[in-house]
Structure formats: C-alpha cells, structure tokens
Amino acid sequence: MWLYEKWLARANTGVVISLFGLMLTVLMAYPLATRFPMAIQILAHIGTLLFAVGVKIAYVARLAFLSKLGRPVN
Numbered sequence: 007m008w009l010y011e012k013w014l015a016r017a018n019t020g021v022v023i024s025l026f027g028l029m030l031t032v033l034m035a036y037p038l039a040t041r042f043p044m045a046i047q048i049l050a051h052i053g054t055l056l057f058a059v060g061v062k063i064a065y066v067a068r069l070a071f072l073s074k075l076g077r078p079v080n
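To convert, note that position 61 of the sequence shown is 67 in my numbering; the numbers rise steadily by one, no gaps.
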C-alpha cells in the first residue's frame, strides 16, 4: 500500500506541475505572444499540447492509484 501512496503523491505533483506549465504556455502563446520571438511562440504552442497531455495522463494515474487504495475516485 505504501507504494501506491508514493505513486499517488507523484501523480498529484504531476497534475499540479502540468497545470502550471499549461497556464504558462497558454499565456506565452496567446495574450503575451507579441513580447516573445517567433521561435518561443512556436515552443509555447507545442508546450501547450504537451502539458495538456501531461494533465490528462497524471489525472488518470491519480484516479488509478486512488482506486487501488480503496479511496473514493472523484
């Protein structure tokens, strides 16, 4: 069980980091785009896609570990 607790903590951290990265790249790609060179804007758009995938994968992992621990999945 302690192993699932460890992975649950990592999944929770992954969700938080991915959400922060997603917000940062969306800001860089859209409202603040004029402040960055084209290469950074391109990387911000790619980062938006990658961080969105990261949120989804970390959240599914979180749900799986909650289920394994017998906790409510929500």
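From the three backbone atoms N, C-alpha and C, an ideal C-beta is built for every residue, glycine too.
Identity of the residue in SER24, MET7, LEU9, ASN18 nearest THR54 by Cα: The sequence position of residue 54 within the sequence shown is 48, counting from 1. Of the candidates SER24, MET7, LEU9, ASN18, the one whose C-alpha sits nearest the C-alpha of THR54 is SER24.
CB-CB length for VAL32 against TYR65, believed under 8 Å: As a working note, residue 32 is residue 26 in the sequence shown. As a working note, residue 65 is residue 59 in the sequence shown. With 8 Å as the limit, VAL32 and TYR65 do not qualify as a contact, their Cβ atoms being about 18 Å apart.
Host alpha helix (DSSP H) of VAL32 (start-end): As a working note, residue 32 is residue 26 in the sequence shown. Residues 8–35.
CB contact flag (PHE26, MET34, <8 Å): Numbered from its first residue, the sequence shown carries residue 26 at position 20. Numbered from its first residue, the sequence shown carries residue 34 at position 28. Contact flag unset, no.
C-alpha distance - ILE63 paired with TYR36, whole-angstrom precision: Reading the sequence shown from its first residue, position 57 is the one you call residue 63. Reading the sequence shown from its first residue, position 30 is the one you call residue 36. Answer to the nearest angstrom: the Cα atoms are 24 Å apart.
C-alpha distance - GLU11 paired with THR40, whole-angstrom precision: If you number the sequence shown from 1, residue 11 lands on position 5. If you number the sequence shown from 1, residue 40 lands on position 34. One C-alpha to the other measures close to 44 Å.
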